[in-house]
DNA sequence: TCTATATATGAATAATTGTTCATGTGATTT
DNA sequence: AAATCACATGAACAATTATTCATATATAGA
């Protein structure tokens, strides 16, 4: 008959040296937790928002579609740096682009982004 | 009388080697941009969300208040690692805590956090 | 007061990441 | 075709950061 301490006997927790104080809660939360993979993707998404240059780029694109060179000038940074960051934003599907001759115009991919940003801003301004 | 090109004469833009294609847009967006300090804080906030361990901790606290040891067990990580991350979450005012004897219970600080997480989740699941 | 337990924290290390530099690619113009 | 412009990208370097290990602090109980 398994009880709340059985798992400690069978497989000692190497990583947490203290006792589980509330096994019922841990189990309940454990069942509710989304898959690791999903949580990993969520963290990865927020990691993209977690850089000042990228936040500025996103904010800029709230206002208007812009080309790489415009953004570089706006932020006072090299074209290369901006291009690298746009790549990251592209990979996370936060921005999309269209080519017009030699110029590439970037814009926001959808409106979640604005919502996420605004919630973050609200928290910071509180 | 300053004009739109003056700053280029006085202090050449070392960082962006290409021409500004759309000065009107750059100026307009530049005026709308919040202070650097605010955007820096917003990025810093999202940086906190941008780690898998912290995202899991936050998600766990959506479900229930938990003590450090419970969280460590839930995530299969060391107490020390969790404690360090809780410190980060505390500093960003994302979690609060109450002490009950030897145990410290952590919980979410406000509801922005859930909203931010859910928006991120929606984006990822699309 | 002494011991045990839950948590916090400083230092060290390994891994990740943002920018620069140099160069490559695709489109336009002459 | 050659030159030029806008942008992309690989490699390298510096800075940041997550975890571990060792140890410190705070509370409870004997």
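Residue numbers (the numbering used here), protein chains in the order written: chain A, 107 to 232; chain B, 107 to 232.
We treat Cβ as the ideally placed atom computed from N, Cα and C, and that holds for glycine.
Computed from a prediction, not measured in an experiment: that's the story for all the values here.
Per DSSP, what are the beta-bridge partners of residue 172 of chain B in this structure?
Paired residue(s): B/212.
Taking a cut of 8 Å between CB atoms, which residues from the stretch 206-222 of chain A lie near chain B?
Those residues of the stretch 206-222 of chain A that come within reach of chain B (Cβ to Cβ, closer than 8 Å) are 209, 216, 218, 219, 221, 222.
Would you give the residue range spanned by the beta strand (DSSP E) that residue 205 of chain A belongs to?
That run of the beta strand (DSSP E) goes 201-206.
Counting pairs of Cβ atoms below 8 Å between the stretch 129-141 of chain B and the stretch 158-177 of chain A, do you hit three or more?
At 8 Å Cβ cutoff, the stretches touch.
Using a Cβ distance threshold of 8 Å, determine whether the stretch 187-195 of chain A contacts the stretch 144-161 of chain A, with at least three qualifying pairs required.
Contact between the stretch 187-195 of chain A and the stretch 144-161 of chain A is present, because at least three Cβ pairs lie under 8 Å.
Please name the residue in A/227, A/220, A/218, A/203 whose C-alpha comes closest to that of residue 212 of chain A.
Minimum Cα distance to residue 212 of chain A is reached at A/203.
Specify, as a first and last residue, the run of the alpha helix (DSSP H) that residue 156 of chain B falls within.
Where residue 156 of chain B is concerned, there is no enclosing alpha helix (DSSP H), given that its DSSP letter is neither H nor E.
Which residues in chain A sit within 9 Å of residue 162 of chain B, going by Cβ to Cβ distance?
Those are 139, 142, 145, 149, listed as they occur along chain A.
Using a beta-carbon distance below 7 Å, is residue 113 of chain B in contact with chain A?
With a pLDDT of only 30 at residue 113 of chain B, under 50, the local geometry of the prediction cannot be trusted, and no value is derived from it.
What do you reckon, are the CB atoms on residue 135 of chain B and residue 166 of chain A nearer than 7 Å?
Their beta carbons are under 7 Å apart, which means residue 135 of chain B touches residue 166 of chain A by this criterion.
Taking beta-carbon pairs under 7 Å, can you tell me which members of the stretch 163-187 of chain A lie near chain B?
Residues passing the 7 Å Cβ filter: 165, 166, 169, 170, 172, 173, 175, 176, 178, 179, 180, 182, 183, 184, 185.
Pop quiz: residue 127 of chain B and residue 180 of chain A are said to be a contact at Cβ under 8 Å. What is the actual Cβ separation, rounded to whole angstroms?
Contact flag wrong, Cβ pair sits at about 12 Å.
Considering just the uninterrupted stretch of the alpha helix (DSSP H) at residue 137 of chain B, what are its terminal residues?
Residues 129-138.
Using the beta-carbon of each residue, which ones in chain A are nearer than 8 Å to residue 189 of chain B?
Near residue 189 of chain B there are no residues of chain A at all, since even the closest Cβ is about 11 Å away, more than 8 Å.
Measuring only between beta-carbons, confirm whether residue 195 of chain A sits less than 7 Å from chain B.
No - not a single Cβ of chain B is within 7 Å of the one on residue 195 of chain A.
Could you tell me if residue 190 of chain B is buried or exposed, where buried requires 16 or more neighbouring beta carbons within 10 angstroms of its beta carbon?
Burial call: exposed.
Return no unless some Cβ of chain A is closer than 7 Å to the Cβ of residue 135 of chain B.
Yes - at least one Cβ of chain A is within 7 Å of the one on residue 135 of chain B.
Within 10 angstroms of its Cβ, does residue 207 of chain A collect 16 or more other Cβ (buried), or is it exposed?
Exposed, since its Cβ has fewer than 16 Cβ neighbours within 10 Å.
Nearest CA to the CA of residue 172 of chain A: which residue from A/129, A/221, A/201, A/220?
The shortest Cα separation from residue 172 of chain A among A/129, A/221, A/201, A/220 belongs to A/201.
Name, please, each residue of chain B whose Cβ falls closer than 9 Å to the Cβ of residue 192 of chain A.
What residue 192 of chain A touches in chain B: nothing, since even the nearest Cβ is about 14 Å away.
Check whether the Cβ atoms of residue 225 of chain A and residue 229 of chain B sit closer than 7 Å, and answer yes or no.
Cβ distance not < 7 Å, so residue 225 of chain A and residue 229 of chain B don't count as in contact.
When you compare the CB positions of residue 198 of chain A and residue 151 of chain A, do they come within less than 7 Å of one another, or not?
Taking 7 Å as the Cβ cut-off, residue 198 of chain A and residue 151 of chain A qualify as a contacting pair.
Suppose contacts are defined by Cβ-Cβ distances below 7 Å. Is residue 174 of chain A in contact with residue 188 of chain A by that definition?
Against a cut-off of 7 Å, the Cβ pair of residue 188 of chain A and residue 174 of chain A comes out as a contact.
Measure from the alpha carbon of residue 130 of chain A to the alpha carbon of each residue in B/185, B/169, B/184, then state which is nearest.
Of the listed residues, the one whose Cα sits closest to residue 130 of chain A is B/169.
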